[in-house]
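Engineer: What follows is a single structure, and I will ask about it in a moment.
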Amino acid sequence: MPVLESIMKKLRDAELSLNTGTFEATIFEYDAAIEGMLRQYLYKKYRVKVGYNWSKIADDLKEQLGEKP
């Protein structure tokens, strides 16, 4: 399963960055791994894909601020 392999890779990367002392990178890697596990769980249990469409974020912010995208 490619999803689980990518989660395991993120956990391995987090362990490596923790051992090298780059704590900010460790936090981001663990965060990404936990998010991946949660997405996988929700998809398996409820068959729902969750997440953000990051390409729309800038347009949504401009719309909320009253600017035209």
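Adding 17 to a residue's 1-based position in the sequence shown gives its number in our numbering.
C-beta atoms are modelled at their ideal positions from N, C-alpha and C, and glycine is treated no differently.
#1: Would you decide whether K27 is buried or exposed? Buried here means 16 or more other CB atoms lie within 10 Å of its CB.
#2: Taking the straight line between their C-alpha atoms, what separation do you get for E41 and I24?
#3: Can you tell me whether V20 is helix, strand or coil according to DSSP?
#4: Let me check understanding here. Comparing Cα to Cα, which of Y69, A75, L82 and L78 lies closest to E52?
#5: How big is the Cα-Cα spacing for A31 and A49?
Structural biologist: For this structure:
#1: buried
#2: 18 Å
#3: helix
#4: Y69
#5: 10 Å
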